[in-house]
Amino acid sequence: MSDSTENLFAPYMSKALVNQTEMSILRDTGASIDLVSRNHINSEDLTGETVWIKQPLDKNFTCLSLAKIELQSPVFGKIITKAAVIDASLDNGIYLLGNRSAQFIEEQRKTPNVNAVVTRSQKLKKETEASAVIKPRPQRPSQTVQEENPSIIVAEEFVPFPLPQAEGDTSRLLKVDSEAFASEQRNCTGLKPCWEKEREGKGEFVKKGDLLFRKNKDDFGNANLQLVIPAHLRNEILALCHESTSAHLGVTKTKDRLLRHYFWTNCIKVTENYVRSCDPCQRIGKAREKGKAPLKLVPIITDVFSKINIDAVGPLPISAKNNRYLLTAICMSSKYPEAIPVADINSVSVIDALLEVFSRMGFPREIQCDNGTSFTSDLTTEFFERFGIKVTHSSVHHPQSNPVERFHRTLKRLLKVLCLQSGEDWEKNLSATLLALRTVTHESTGFSPAELVHGKNLRTSEVLLYEHWVSPQESESSVTEYVFELINRMRRCQDLAVERMTEVQVKRKTWYDKNAVRRKFQVGDQVLVLATSKPIKMAVQWTGPGVIESQLSDANYIIKMANKNDKTQIYHVNLLKPYHQRPEKINLLISERKETPEAESDELGIPYPTADPNVYDIE
């Protein structure tokens, strides 16, 4: 940078530590994101994220990597932010500070330093003064939660989340007077066809004074003039009609607000894309705005006890035997239920309860469970591996994928009824509840679970009363005949149960898919995840964005969330929606652009766009 240029930028320059290296900081009020050269960051600083950059005088988009940056200065302290990484050949020793980091610095400076060092004498003085003052009544915990240090909260949440889009700078629209606006209209290359139509007098465009307008009629036939907006001011007009006092209304209302006074070629599609890519609107959107995906049919299991689903219920009221939880299991073939009371759900208790279940059912080939720590711990995983049990995990916050959840609802309802009727604790009524569930016909199979497991139904109270009145004759068949008869009966019941389950599956899928919408994501797509639990009423509906790592099935995806220490989770497609990201804006780079960045892309470790950067697909 020349001396004259340095003098020109001097009012906007300062010094600060960038990743422990002193650099000159240039404050750029026209940039929404920071810029730093590759020479001033390490490979471990790269977050793996990328961002599209748009310069004011260039129609092309540039894809740059994002890096974690630590800024430190005596003026504002220390903050953690993110910056786009430019090529090392463009390094001029300057760190470009954008609006987002500047806003964060301003918030940091306004926050009182509650963590300042307090000497022992100062502490004693405060305690003495406090003892002479009548202390107010202590507040409830819910009231004190909001008194945490906001600077700490912001710092914790700022690092992992991708940078949100900044609102358009609508204040500079007021600095453009009528003469400057008319000059912008005349010099805008995109408005040349409009000017030609106005000169020919055949089109819908008309000139009033020095300004170009478009004649328009609303739905009621009322004529009005729409001011034609040059390309340089369109983003600010869109921000004015959608953000700030326009309250982030939807696509239809934003287009209505825009078309009342303004127009440019293709403005309707541009407005739709602008609203669709609005970060706050995407996060606050309706929970089920994308519709449910078609029901995915699971394979029917024909071998009894070859696959079981397990889960835990609780915490329940402490029983007489000091148990608070239930480990539940259900056979996917016979629907045979099992429930074992346990005091806690740590790995040791879960394994002991599973051994009790396996003593009655045998060791299964496959187990399906959720992602609870007691089922995913190293001890439990080794236990499953030792006995040759394949483990599959349900997707997060999607209980429909685990049939044992439906069993939980029935089990808890029956326990409540029996406890209310008998006045005893739930553990004493557990045996009666399981007997009732095992001896009643299941809707999916058409048989009771006991019939498919034992070959006959169990003797219950109604059977005992029937036998007391009727006195049925006992069969006099031999043991061999009874064994063959039992085998044939169980085969026949199993075949009928499989046929019934197939019919029920088709019936349920037909009903479920009436309003279903088939959706599919690609690896690398950015998505938002539905927030299944919200701490406060005004919390956002969607969190993220996350990146799709891989696809497990038509309905399940592995998502990598940046705010969870790069951990991956399995999510159902019903909990996902696409995230549309706008390109970031910066002013002109101080140095010239490198002509052939592909030559050193490998050694720099910065991904360059392989497709045409002129095409930016926000769909």
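Residue numbers (the numbering used here): -3 to 615.
We put the beta carbon where it would ideally sit given N, CA and C, even for glycine.
Through-space distance from residue j to residue i, alpha-carbon basis
{"i": "V494", "j": "K408", "result": "28 Å"}
{"i": "R23", "j": "R272", "result": "30 Å"}
{"i": "I544", "j": "K74", "result": "33 Å"}
{"i": "S85", "j": "G520", "result": "29 Å"}
{"i": "N425", "j": "K412", "result": "9 Å"}
{"i": "V658", "j": "E401", "result": "Residue numbering for the chain in the displayed model covers -3 to 615; residue 658 lies beyond these limits and cannot be assessed."}
{"i": "E210", "j": "Y258", "result": "First, the residue type needs correcting, since residue 210 is Arg and not Glu in the sequence shown. One C-alpha to the other measures close to 9 Å."}
{"i": "Y612", "j": "C365", "result": "Caution applies to Y612, whose pLDDT of 38 falls short of 50 and renders its modelled position unreliable; the model cannot decide the point."}
{"i": "E381", "j": "E40", "result": "35 Å"}
{"i": "Y321", "j": "N453", "result": "29 Å"}
{"i": "Q518", "j": "N15", "result": "35 Å"}
{"i": "T388", "j": "A80", "result": "40 Å"}
{"i": "K204", "j": "I225", "result": "14 Å"}
{"i": "N637", "j": "G26", "result": "The chain is shown from -3 up to 615; residue 637 falls before or after that span and cannot be answered."}
{"i": "K249", "j": "L255", "result": "10 Å"}
{"i": "S391", "j": "E362", "result": "17 Å"}
{"i": "N35", "j": "Y270", "result": "35 Å"}
{"i": "P7", "j": "A98", "result": "16 Å"}
{"i": "S69", "j": "I21", "result": "11 Å"}
{"i": "V416", "j": "E103", "result": "The residue asked about is misnamed: residue 416 is Leu in this sequence, not Val. Cα to Cα, the separation comes out at about 56 Å."}
{"i": "L37", "j": "M9", "result": "Looking at the sequence shown, residue 37 is not Leu but Ile. One C-alpha to the other measures close to 21 Å."}
{"i": "E153", "j": "F354", "result": "With a pLDDT of 36 at E153, under the threshold of 50, the modelled position of that residue is not reliable, and no figure is offered here."}
{"i": "Y332", "j": "R356", "result": "11 Å"}
{"i": "T506", "j": "S549", "result": "20 Å"}
{"i": "N145", "j": "T46", "result": "Caution is warranted here: a pLDDT of 38 is assigned to N145, below 50, making its placement in the model unreliable, and no coordinate value can be reported."}
{"i": "S179", "j": "L223", "result": "14 Å"}
{"i": "S330", "j": "S427", "result": "19 Å"}
{"i": "E175", "j": "K213", "result": "27 Å"}
{"i": "D206", "j": "V247", "result": "32 Å"}
{"i": "E318", "j": "L461", "result": "Reading off the sequence, residue 318 comes out as Asn, not Glu. Those two C-alpha atoms are separated by around 36 Å."}
{"i": "Q565", "j": "Q547", "result": "12 Å"}
{"i": "Y567", "j": "G368", "result": "15 Å"}
{"i": "S147", "j": "I76", "result": "With a pLDDT of 35 at S147, under the threshold of 50, the modelled position of this residue cannot be trusted, and the question is left open."}
{"i": "D491", "j": "F443", "result": "11 Å"}
Counterpart residues of residue i in DSSP-defined beta bridges
{"i": "R23", "result": "L93"}
{"i": "D307", "result": "T324"}
{"i": "G540", "result": "None; G540 has no bridge partner."}
{"i": "V32", "result": "V81"}
{"i": "W48", "result": "C59"}
{"i": "L221", "result": "K211"}
{"i": "V523", "result": "G542, P574"}
{"i": "V202", "result": "F209"}
{"i": "Q68", "result": "L13, K74"}
{"i": "H257", "result": "BP columns for H257 are empty, so no partner."}
{"i": "E239", "result": "Bridge partners of E239: none, in fact."}
{"i": "M557", "result": "G542"}
{"i": "E18", "result": "L13"}
{"i": "Q547", "result": "Y553"}
{"i": "I296", "result": "DSSP output for I296 lists no bridge partner at all."}
CB contact flag (residue i, residue j, <8 Å)
{"i": "S370", "j": "N342", "result": "yes"}
{"i": "M328", "j": "I304", "result": "yes"}
{"i": "T640", "j": "L410", "result": "Examination of residue 640 is not possible in this model, given that the chain is present from -3 through 615 alone."}
{"i": "G556", "j": "G540", "result": "The amino acid at residue 556 is misidentified as Gly; the sequence shows Lys. No."}
{"i": "W422", "j": "L351", "result": "no"}
{"i": "K573", "j": "V502", "result": "no"}
{"i": "I296", "j": "L323", "result": "no"}
{"i": "H404", "j": "V309", "result": "yes"}
{"i": "F359", "j": "I326", "result": "no"}
{"i": "V513", "j": "A527", "result": "no"}
{"i": "Y553", "j": "Q278", "result": "no"}
{"i": "T456", "j": "L431", "result": "yes"}
{"i": "M497", "j": "T435", "result": "no"}
{"i": "L571", "j": "H450", "result": "no"}
{"i": "E194", "j": "L208", "result": "yes"}
{"i": "L60", "j": "I82", "result": "yes"}
{"i": "G186", "j": "A235", "result": "no"}
{"i": "L229", "j": "L169", "result": "yes"}
{"i": "F57", "j": "I101", "result": "no"}
{"i": "A63", "j": "K78", "result": "yes"}
{"i": "V525", "j": "A551", "result": "no"}
{"i": "W538", "j": "G217", "result": "no"}
Any C-beta of chain D under 8 Å from that of residue i
{"i": "K78", "result": "You won't find chain D in this structure, because it holds only one protein chain."}
Closer than 7 Å: residue i CB and nearest the ligand ZN heavy atom
{"i": "F359", "result": "This structure simply doesn't include the ligand ZN, nor any ligand for that matter."}
Assess contact between the segment 81 to 91 and the segment 25 to 38, defined as three or more Cβ pairs (one per stretch) separated by less than 8 Å. Is contact present? Result yes; three or more Cβ-Cβ pairs closer than 8 Å.
With contact counted as at least three CB pairs below 8 Å, one residue from each stretch, are the segment 236 to 250 and the segment 195 to 211 in contact? Output reads no: the segment 195 to 211 does not touch the segment 236 to 250.
Completely contained alpha helix (DSSP H) runs for the segment 329 to 366, where each covers 4 or more residues: Within the segment 329 to 366, the complete alpha helix (DSSP H) runs of at least 4 residues are 343 to 357.
Mind pulling the alpha helix (DSSP H) runs of 4 or more residues that sit fully within the segment 370 to 458? You should have 374 to 382, 400 to 418, 426 to 434, 445 to 450.
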